[in-house]
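Peer 1: Numbering (the numbering used here), first residue to last: 1 to 86.
Take a look at this one; I'll ask things after.
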């Protein structure tokens, strides 16, 4: 005969309680979804702009970091001068 531990049935784990609460609450918000093409287009454009901005920021950081070594040597810049260049 197998018995079920009373601890697991009386006190579910915090993860289980959170999952159960999410499953109980989420159906009440289903009507808030917006499936209009205009809203979907806006979200797509915003995501594309954010992605391009992130790529440009990373590219700029990489280029400036590698060029800063040579610029600081050529112009004998102090740390403050390097900050102004970057």
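Cβ atoms here follow ideal geometry from the backbone N, Cα and C, with glycine treated the same way.
Do you know offhand how far residue 46's Cα is from residue 21's?
Peer 2: Here residue 46 refers to the residue found at position 46 of the chain shown. Here residue 21 refers to the residue found at position 21 of the chain shown. Each residue's Cα considered, the two are about 31 Å apart.
Peer 1: So what's residue 47 in DSSP terms, helix, strand or just coil?
Peer 2: Here residue 47 refers to the residue found at position 47 of the chain shown. Three-state DSSP puts residue 47 in a helix.
Peer 1: For residue 1, does the three-state DSSP call read helix, strand or coil?
Peer 2: As a first step, residue 1 is located in the chain shown; it is residue number 1 there, counting from the start. Per-residue confidence for residue 1 stands at a pLDDT of 49, beneath the threshold of 50, marking its modelled position as unreliable; the derived number appears in the next sentence. Coil.
Peer 1: By Cβ distance, which residues of its chain are closer than 6 Å to residue 72, with the 5 residues on each side in sequence left out?
Peer 2: Reading the chain shown from its first residue, position 72 is the one you call residue 72. If we look at residue 72 and ignore the five residues flanking it on each side, its Cβ neighbours are 82.
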